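Engineer:
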Amino acid sequence: MFSPPLHTSPVYNQTDRSLWLHTAGPCLQEPTARLVPVRRRKPGQLLLESLLEEMEMSLRPLLLVFVLGLVSTPSTLAQDDPRYTKFLTQHYDAKPKGRDARYCESMMRRRGLTSPCKEVNTFIHGNKGSIKAICGANGSPYGENLRISQSPFQITTCKHTGGSPRPPCRYRASAGFRHVVIACENGLPVHFDESFISL
Numbered sequence: 006m007f008s009p010p011l012h013t014s015p016v017y018n019q020t021d022r023s024l025w026l027h028t029a030g031p032c033l034q035e036p037t038a039r040l041v042p043v044r045r046r047k048p049g050q051l052l053l054e055s056l057l058e059e060m061e062m063s064l065r066p067l068l069l070v071f072v073l074g075l076v077s078t079p080s081t082l083a084q085d086d087p088r089y090t091k092f093l094t095q096h097y098d099a100k101p102k103g104r105d106a107r108y109c110e111s112m113m114r115r116r117g118l119t120s121p122c123k124e125v126n127t128f129i130h131g132n133k134g135s136i137k138a139i140c141g142a143n144g145s146p147y148g149e150n151l152r153i154s155q156s157p158f159q160i161t162t163c164k165h166t167g168g169s170p171r172p173p174c175r176y177r178a179s180a181g182f183r184h185v186v187i188a189c190e191n192g193l194p195v196h197f198d199e200s201f202i203s204l
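Okay, so the sequence shown: first residue is 6 according to my numbering, each after it adds one.
Next up, the structure:
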């Protein structure tokens, strides 16, 4: 059965100053016409609502970036810790080439450990994650404020052969698998205990 569309026309109510929609059937003079109230808005309210809606939509991406920044900031700040960076410079070499005297002399020079010649320095060959894990699940308390790795690491210890502490520095290499002892700060390695390797 075909039902023709309803006709609407606005009607302003002087008594309560509200806007009504006059709804009627197919014929505007039809006696079944009724008044339907329309939510009244104060002047400027529509503009304010649309501005707030636009602000909310444009601020959502910024809010997301801010929240993600808060989540990632502590770990990012930790990664930039100067003591951790120094630890990596002095003791981390993921993929060594050689592991002999030439390796030691080259690495010690490249890492800035030859002015003066550092007496002993050990390089850990592994990934950063497994070394950091010594500060957590892959480590156990050792001595005062130190941690020992639960699993051994491939290492190369470079020992100065003596003579002048000034460059050129001469080293001998000692390669092997050893448990390593480190000091941690904020879940990051910051010091390597050479005395344990020398035992």
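Note that CB positions come from ideal geometry on N, CA and C, so glycine has one too.
It should be emphasised that the depicted structure is a prediction, and the values quoted were computed from it without experimental measurement.
May I have the straight-line CA-CA distance separating residue 157 from residue 182, to the nearest angstrom?
Structural biologist: 6 Å
Engineer: Report the partner residues of residue 176 according to the DSSP bridge assignment.
Structural biologist: 165
Engineer: Using the DSSP secondary-structure output, state which residues sit across from residue 188 in a beta bridge.
Structural biologist: 196
Engineer: Can you name the residues that DSSP bridges to residue 154?
Structural biologist: BP columns for residue 154 point to 144.
Engineer: What do you get for residue 36, buried or exposed, if any count of 16 or more other CB atoms within 10 angstroms of its CB means buried?
Structural biologist: The predicted position of residue 36 is uncertain, since its pLDDT is 49 and thus under 50; a value taken from the coordinates is nonetheless stated next. Result: exposed.
Engineer: Mind checking which residues open and close the alpha helix (DSSP H) that includes residue 136?
Structural biologist: 133 to 137
Engineer: Can the beta-carbon of residue 154 be found closer than 8 Å to that of residue 144?
Structural biologist: yes
Engineer: Name the two residues that bound the continuous alpha helix (DSSP H) containing residue 119.
Structural biologist: Here residue 119 belongs to no alpha helix (DSSP H), and DSSP marks it neither H nor E.
Engineer: Measuring straight from C-alpha to C-alpha, what distance separates residue 139 and residue 147?
Structural biologist: 11 Å
Engineer: Going by DSSP in three states, residue 88 sits in which element: helix, strand or coil?
Structural biologist: helix
Engineer: Helix, strand or coil for residue 65 per DSSP?
Structural biologist: Of the three classes helix, strand and coil, the one that applies to residue 65 here is helix, per DSSP.
Engineer: With a threshold of 7 Å on Cβ separation, who are the neighbours of residue 106 within its own chain once the five nearest residues in sequence on each side are excluded?
Structural biologist: 176, 177 and 178
Engineer: So, using beta-carbon positions, are residue 114 and residue 161 closer together than 8 Å?
Structural biologist: Their beta carbons are not under 8 Å apart, which means residue 114 does not touch residue 161 by this criterion.
Engineer: Run through DSSP, which three-state label would residue 171 get?
Structural biologist: coil
Engineer: Using CA coordinates, which residue listed in 97, 126 and 166 is at the minimum distance from residue 133?
Structural biologist: 97
Engineer: Ignore the nearest five residues each way along the sequence and tell me which others in residue 180's own chain have a CB closer than 6 Å to its CB.
Structural biologist: Here the set comprises 104 and 161.
Engineer: Is DSSP giving residue 114 helix, strand or coil here?
Structural biologist: For residue 114, the secondary structure class from DSSP, reduced to helix, strand or coil, is helix.
Engineer: Measuring CB to CB, does residue 150 end up less than 8 Å from residue 188?
Structural biologist: yes
Engineer: Taking the alpha-carbon positions, what's the residue 109 to residue 163 distance?
Structural biologist: 6 Å
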